[in-house]
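Novice:
Numbering (my numbering), first residue to last: 1312 to 1477.
Okay, here's the thing in structure tokens:
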């Protein structure tokens, strides 16, 4: 198979006293996401999808929240480790699509920064990254200002192996 597709998901509660980071970008807001690491639901959904598509289990197995080395870790470091694991399996990320679900804060002003950072980290063109946010229109009470969720679709492409010359 020349490509693989997977979906990742993450959800974290918003709490006072923490910074809000999404896809590695700090978003000005009075609350941040609660988590063992920095709580970046965008990167966690992306990592989960990358691991699954490459046949490497899930984020909780690879980076367990009981392991103290991951306490408050910047999720960009987890993404870098994940990218290496995916590349070792012979895959390259070719497309990413993220959907955030939250009523607040407004995320559209940060789409380009998120895309550019992901483009740099994943070594793909920004045009191969989609980022959007949807509100619950007040229909899901617990997501109104209490949490942020993210779904991520990833397409991995199998890389051609170079012939070894004896």
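Glycine included, every Cβ here is placed at the ideal spot set by N, Cα and C.
Check whether the region 1350-1358 touches the region 1382-1391, counting contact only when three or more Cβ pairs, one atom from each stretch, lie closer than 8 angstroms.
Specialist: Contact between the region 1350-1358 and the region 1382-1391 is present, because at least three Cβ pairs lie under 8 angstroms.
Novice: What is the C-beta distance between residue 1336 and residue 1424, in whole angstroms, given that I count them as a contact (C-beta under 8 angstroms)?
Specialist: Right, their Cβ atoms sit about 5 angstroms apart.
Novice: Could you say which of 1411, 1349, 1363 lies nearest to residue 1381 if we only look at CA atoms?
Specialist: When only C-alpha atoms are compared, the closest one is 1349.
Novice: By how many angstroms is the C-alpha of residue 1324 removed from the C-alpha of residue 1332?
Specialist: Spanning the two alpha carbons is a distance of roughly 13 angstroms.
Novice: Assign residue 1383 to one of two classes, buried (16 or more other C-beta atoms within 10 Å of its C-beta) or exposed (fewer than that).
Specialist: Exposed: under 16 other Cβ atoms inside 10 Å.
Novice: Ignore the nearest five residues each way along the sequence and tell me which others in residue 1435's own chain have a CB closer than 7 angstroms to its CB.
Specialist: For residue 1435, where only same-chain residues beyond five positions count, the Cβ hits under 7 angstroms are 1404, 1405.
Novice: Report the start-end ranges of each beta strand (DSSP E) in the region 1398-1471 that is 3 residues or longer and not cut off at the edges.
Specialist: Segments of the beta strand (DSSP E) lying fully in the region 1398-1471: 1402-1412, 1440-1445, 1458-1469.
Novice: Is the beta carbon of residue 1414 less than 8 angstroms from the beta carbon of residue 1441?
Specialist: Cβ distance not < 8 angstroms, so residue 1414 and residue 1441 don't count as in contact.
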